[in-house]
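Visitor: For reference, each letter of the sequence shown is one residue, going 22 to 301 in our numbering.
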Amino acid sequence: MALYNFNELYQVAQARHFKAVGSFNLHCLEMLPAFFNAAQQTNSPLMIQISTGTAQYLGYRLLVDSVCSLAESQNVPTCLHLDHCSDIAAIQTAIDAGFSSVMYDGSHLSLDENIKNTRAVVELARPRNISVEGELGAIGGSEDGKAVAEEHITFTTVEDAKRFVDETGVDMLAVSIGTVHGLYTGKAQIQHQRLAEISEVARVPLVLHGGTGVSDEDMRKAVTEGINKVNVGTEMNVQWVGQCKSAFEKGKVNDSVRKFLIPANDAVTQVLMEKIALFK
22 MALYNFNELY QVAQARHFKA VGSFNLHCLE MLPAFFNAAQ QTNSPLMIQI STGTAQYLGY
82 RLLVDSVCSL AESQNVPTCL HLDHCSDIAA IQTAIDAGFS SVMYDGSHLS LDENIKNTRA
142 VVELARPRNI SVEGELGAIG GSEDGKAVAE EHITFTTVED AKRFVDETGV DMLAVSIGTV
202 HGLYTGKAQI QHQRLAEISE VARVPLVLHG GTGVSDEDMR KAVTEGINKV NVGTEMNVQW
262 VGQCKSAFEK GKVNDSVRKF LIPANDAVTQ VLMEKIALFK
């Protein structure tokens, strides 16, 4: 089965009565079957996102081959997305390896430079039928070694969002509206009015980063206001590591490693199913 780009996957999601697509961070290959298990049980298409650190750790082509194999054998429409990448050379590597979606993160740059670089990525990706995500504003917290302190958080403005989409041609736009990367001990406060106003002028699917720290009520509201892609990573990682830690502490050195990983994967499947239920 060929991988879907975001636009194609979103059409499948809409046909199955989902308002948004969950995009879930994969940290290791052991997690992969749990992702597909959740998608099958919820009749949901699947978007798997990879950080550049994970891509370098596992290998771009190994990720593509593994995801393609499971997508075909499990009959799950799947998109493989390179997340939060500021290195155009790495984006080119992902495109050449067979990723079906990429994100150029120029949110740390001036608006003009962000537009210029994002447009260059769109020009690389569009002929290959690969969707492109851009980002405006600085989302707080930390992800894959990239951190934004609270005092450096900047929210996406309506004017900048319209200009950015018009001048880059991106397929989707990540916005800063109050969520925080890595938040799992508290709850973010989404600026719903800002989101509604941006959605009205941007006219492309909007992306919510930091989905772990959003209450169920806020999440359901956000996906009715223009959020069509929701990134979730920290909650799965916390559950996976916690389950592994407990299993390894109780296990014996001659136990099969799979015994330590099965409870962790079961926990990941449960997190995905709970999140996917919010996107209807």
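Glycine included, every Cβ here is placed at the ideal spot set by N, Cα and C. Computed from a prediction, not measured in an experiment: that's the story for all the values here.
Using DSSP with H/G/I as helix, E/B as strand and the rest coil, what is asparagine 46?
Guide: Here asparagine 46 sits in strand by DSSP.
Visitor: Going by DSSP, what residues sit across from glutamine 70 in a beta bridge?
Guide: In the DSSP output, where bridge partners are listed per residue, glutamine 70 has Asn46, His102.
Visitor: Could you give the DSSP three-state label for lysine 242: helix, strand or coil?
Guide: Correct three-state label for lysine 242: helix.
Visitor: Out of curiosity, what's the CA-to-CA distance linking alanine 60 and methionine 193?
Guide: Straight-line Cα distance between these residues: approximately 22 Å.
Visitor: Using three-state DSSP, classify isoleucine 248 as helix, strand or coil.
Guide: Three-state result, isoleucine 248: strand.
Visitor: Less than 8 Å between the beta carbons of serine 72 and aspartate 104, yes or no?
Guide: Yes; because the gap between Cβ atoms is below 8 Å, this pair is in contact.
Visitor: For tyrosine 31, which three-state DSSP category applies?
Guide: Three-state result, tyrosine 31: helix.
Visitor: Check leucine 229 in the structure and name its three-state DSSP category.
Guide: Strand.
Visitor: If you draw a straight line from the alpha carbon of aspartate 237 to that of glycine 43, how long is it in whole angstroms?
Guide: Cα to Cα, aspartate 237 sits roughly 14 Å from glycine 43.
Visitor: Which value, in whole angstroms, describes the spacing of the CA atoms of aspartate 181 and alanine 92?
Guide: C-alpha separation (whole angstroms): 37 Å.
Visitor: In whole angstroms, what separates the C-alpha of glutamine 62 from that of phenylalanine 176?
Guide: In a straight line, the C-alpha of glutamine 62 is about 36 Å away from that of phenylalanine 176.
Visitor: I want to know whether the region 247 to 264 touches the region 108 to 122 - three or more CB-CB distances under 8 Å.
Guide: Cβ pair count under 8 Å is below three, so no.
Visitor: Assign alanine 110 to one of three DSSP states: helix, strand, or coil.
Guide: It is helical.
Visitor: Starting from leucine 157, trace the beta strand (DSSP E) both ways and give me its first and last residue.
Guide: Residues 152 to 157.
Visitor: Please classify threonine 139 as buried or exposed, where buried requires at least 16 neighbouring CB atoms within 10 angstroms.
Guide: It counts as buried.
Visitor: Less than 8 Å separating the beta-carbons of cysteine 106 and methionine 124?
Guide: Cβ distance < 8 Å, so cysteine 106 and methionine 124 count as in contact.
Visitor: Examine chain B for any beta-carbon lying closer than 8 Å to the beta-carbon of leucine 293, and answer yes or no.
Guide: Absent from the structure: chain B. Only one protein chain is present.
Visitor: For glutamate 246, is the classification buried or exposed, using 16 other Cβ atoms within 10 angstroms of its Cβ as the cut-off for buried?
Guide: Buried is the call here.
Visitor: How many angstroms separate the CA atom of alanine 268 from the CA atom of valine 278?
Guide: The alpha-carbon atoms of alanine 268 and valine 278 are separated by roughly 10 Å.
Visitor: Buried or exposed, going by whether 16 or more other CB atoms sit within 10 Å of the CB of aspartate 239?
Guide: Its Cβ being crowded by 16 or more others within 10 Å, aspartate 239 is buried.
Visitor: Measuring straight from C-alpha to C-alpha, what distance separates glutamate 218 and isoleucine 198?
Guide: Between glutamate 218 and isoleucine 198, the C-alpha separation is close to 11 Å.
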